[in-house]
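Visitor: Take a look at this one; I'll ask things after.
In this note's numbering, the protein residues as written are 6 to 79.
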């Protein structure tokens with residue numbers, strides 16, 4: 006289980022960083038309204054999309070593993 010815990014910690018850290026990046030980029034884009042800040046916000050949103058997709062895949066894998074274990078019980 007330690008390897009799955011390490012993966013979960015990395016996913017949590019990546020998700021938190023992506024959230025922070027989106028928040029900071031949104032604040033900067035709202036304040037200055039420059040094209041660079043808008044591009045930074047878009048890039049941050051893409052990073053957030055990757056983080057959400059990774060979390061979804063991890064949850065699906067966990068669910069499928071638990072279901073397979075339960076289904077294998079006599």
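The C-beta atom is built at its ideal place from N, Cα and C for all residues, glycine as well.
When DSSP labels each residue in this structure, what does residue 50 get in the three-state scheme?
Guide: Residue 50: helix per DSSP, three-state reduction.
Visitor: Mapping DSSP to helix, strand and coil, what is residue 21?
Guide: helix
Visitor: Can you look up residue 8 in the DSSP assignment and give me helix, strand or coil?
Guide: helix
Visitor: Are the stretch 58 to 72 and the stretch 39 to 46 in contact at 8 Å, needing three or more beta carbon pairs?
Guide: no
Visitor: Roughly how many whole angstroms lie between the Cα atoms of residue 66 and residue 33?
Guide: Straight-line Cα distance between these residues: approximately 36 Å.
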